[in-house]
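Q: Read left to right, the sequence shown gives residues 77 to 376 (my numbering).
All C-beta atoms, glycine included, are put in the ideal place defined by N, C-alpha and C.
Remember, predicted model here, so these are calculated numbers, not experimental data.
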Amino acid sequence: MSLSEEVRRSDALALLGQLFVTLGDGPIDCTFFDCSDAVYAEVKITSWDELCSEGLLIKKTDSFYALTANGWSEGLIRTDVVSTSAFSQRIGQLAKSLKDQIKGRQKSAIMPFDDVVRFASLPAGWVFNAIDSHLISRVHGKRDASWFEGARGRVVEIPRDFGLIEVDLFADVRAENLKLMETVERMEELYTDYRCDICSAPLTTRGSWEHEYGSEEIMEYACGMTIGAPYGDTPCTQSPNFPKFEDLVLTTKYDGNMWWCFAHAKSCSIYLSNTSAKTEEEAKAEMHNRYLERAKHWKR
Ligand SMILES: [Zn+2]
77 MSLSEEVRRS
87 DALALLGQLF
97 VTLGDGPIDC
107 TFFDCSDAVY
117 AEVKITSWDE
127 LCSEGLLIKK
137 TDSFYALTAN
147 GWSEGLIRTD
157 VVSTSAFSQR
167 IGQLAKSLKD
177 QIKGRQKSAI
187 MPFDDVVRFA
197 SLPAGWVFNA
207 IDSHLISRVH
217 GKRDASWFEG
227 ARGRVVEIPR
237 DFGLIEVDLF
247 ADVRAENLKL
257 METVERMEEL
267 YTDYRCDICS
277 APLTTRGSWE
287 HEYGSEEIME
297 YACGMTIGAP
307 YGDTPCTQSP
317 NFPKFEDLVL
327 TTKYDGNMWW
337 CFAHAKSCSI
347 YLSNTSAKTE
357 EEAKAEMHNR
367 YLERAKHWKR
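1) What number of angstroms, rounded off, separates the C-alpha of Gly93 from the C-alpha of Ser123?
2) For ligand 1, is there any heavy atom lying closer than 7 Å to the beta carbon of Ile303?
3) For a test of the three-state rule: what should DSSP assign to Gly300, helix, strand or coil?
4) Which one or two residues does DSSP pair with Thr144 in a beta bridge?
5) Please name the residue in Ser184, Ala353, Gln169 whose C-alpha comes closest to that of Asn333.
6) Among the candidates Gly300, Phe321, Val325, whose CA atom is the shortest distance from the CA of Thr313?
7) Taking C-beta to C-beta, are Ala196 and Gln169 nearer than 8 Å?
8) From Leu133, Ala162, Gln165, Ser139, pick the residue whose C-alpha is nearest to that of Gly151; which is it?
9) For the alpha helix (DSSP H) containing Trp202, list its first residue and its last residue.
10) Measure how close the beta-carbons of Ile121 and Cys111 come, nearest whole angstrom, since I'm counting them as under 8 Å.
11) If you run the structure through DSSP and keep just helix, strand and coil, what is Cys337?
12) Go ahead and pull the three-state DSSP assignment for Ala185.
13) Nearest CA to the CA of Tyr347: which residue from Glu288, Thr355, Arg154, Gly308?
14) Assuming the contact rule is C-beta atoms closer than 8 Å, Leu89 and Val119 should be a hit. Round their C-beta distance to whole Å, please.
15) Consider the C-beta atom of Ala371 and the heavy atoms of ligand 1; say whether any pair is separated by less than 7 Å.
16) Any heavy atom of ligand 1 closer than 7 Å to the Cβ of Ala359?
17) For Ile178, collect the residues of the same chain with a Cβ closer than 8 Å to its Cβ; drop the 5 residues on either side in sequence, then sort them by chain order.
18) Kindly indicate which three-state DSSP category His373 falls into: helix, strand or coil?
19) Would Glu296 and Thr280 qualify as a contact pair, given that the criterion is a beta-carbon distance under 8 Å?
20) Could you check if Tyr297 belongs to the surroundings of ligand 1, using beta carbon to heavy atom distance under 7 Å?
21) Could you tell me which residues DSSP puts in a beta bridge with Trp285?
22) Please state whether DSSP places Tyr116 in a helix, a strand or coil.
23) For Phe321, count neighbouring C-beta atoms within 10 Å of its own C-beta (all shown protein chains included) and say buried if the count is 16 or more, exposed if not.
24) Could you check where the beta strand (DSSP E) with Arg329 kicks off and where it finishes?
25) To the nearest angstrom, how far is it from the Cα of Asn205 to the Cα of Val115?
26) Regarding Ile274 and ligand 1, is the C-beta to nearest heavy atom distance less than 7 Å?
27) From the DSSP output, in three-state form, read off Asp110 for me.
28) I'd like to check one pair, Pro319 with Cys337: are the Cβ atoms closer than 8 Å?
Below is the structure:
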């Protein structure tokens with residue numbers, strides 16, 4: 077964020093705080109702020125626009141603005157009202173009176189907003205703002221009351237499970253995925269050779285073998301690439317070093333009963349088991365098929 081953007085944002089948030097304090101316990105839906113008012117003379121017009129574009133303020137006429145439900149709850153947080161004991165007491169009082177309305181019921185309670193205000197014994201404007209912004213859900217993460225079928229400011233619906241903690245059904249799955257991702261990242265860090273550097277096939281075997289001068293590490297990948305094997309390295313099937321069929325040396329042998337075909341690559345080590353058939357041509361053709369199978373590219 078550039079400096080000017082930062083300044084613009086902090087100016088806008090200062091305005092939000094000022095509007096929130098001015099609102100007091102008034103309802104957000106019919107408390108308007110006139111940007112041409114002398115008290116806002118110092119405020120830049122861009123701050124008003126900024127709050128509108130963030131959905132915290134709504135423009136009613138050329139110079140009149142009103143806070144949105146989000147603007148109100150954001151104001152609560154920005155001015156740190158939420159950490160005061162007066163606020164805790166109010167929200168507790170509202171939650172208790174709403175909870176009392178559904179005690180022992182099997183269904184949600186639908187009641188006029190005026191009754192909700194009366195039972196809660198709290199300023200009507202504040203109760204309106206609290207319900208409009210789903211304050212209980214936002215602050216405590218619990219099932220909250222809301223306007224009944226869009227009857228904003230007139231009828232309130234209190235769900236049967238009001239006050240229960242809202243369960244995040246997918247939290248476990250997300251946590252599990254995160255753990256898995258971290259494990260993979262850690263593995264990839266630990267094993268820089270974790271994947272074939274040509275086709276990204278994963279490492280399938282990692283081991284070592286002893287020879288007369290010590291031991292050698294061997295790594296085998298799902299694409300068939302092998303590094304460090306006793307009989308020599310095998311390239312990835314997508315590597316230009318992977319031999320073409322024409323590059324293989326084929327030898328054939330007749331044992332009096334069958335024709336046998338043996339394949340051998342000069343440039344590298346690839347293993348193709350012997351083939352046999354009634355005729356020499358068939359044995360070679362069989363070897364060709366075996367090669368095509370072996371030369372297939374690895375797919376994830
Ligand atoms: Zn590969």
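A: This is what the structure gives:
1) 12 Å
2) No, the beta carbon of Ile303 sits no closer than 7 Å to any heavy atom of ligand 1.
3) The three-state reading of DSSP puts Gly300 in coil, since its state is none of H, G, I, E or B.
4) The partner list for Thr144 (beta bridge, DSSP) is empty, contrary to what the question assumes.
5) Ala353
6) Gly300
7) yes
8) Selected option, being the one with the closest Cα: Leu133.
9) 200 to 208
10) 7 Å
11) strand
12) strand
13) Nearest to Tyr347 by C-alpha distance, out of Glu288, Thr355, Arg154, Gly308, is Gly308.
14) The pair is not a contact, with the Cβ atoms about 12 Å apart (cut-off 8 Å).
15) no
16) Incorrect: Ala359 has no Cβ contact closer than 7 Å to ligand 1.
17) Ser184, Ala185, Ile234, Pro235, Arg236, Phe238
18) coil
19) Yes; because the gap between Cβ atoms is below 8 Å, this pair is in contact.
20) Yes.
21) Glu292
22) In the structure shown, Tyr116 sits in a helix (DSSP, three-state: H, G or I).
23) Result: exposed.
24) Contrary to the premise, residue 329 reads as Lys rather than Arg in this sequence. Where Lys329 is concerned, the enclosing beta strand (DSSP E) stretches over 324 to 330.
25) 24 Å
26) yes
27) strand
28) No, the pair does not count as a contact, with Cβ atoms beyond the cut-off.
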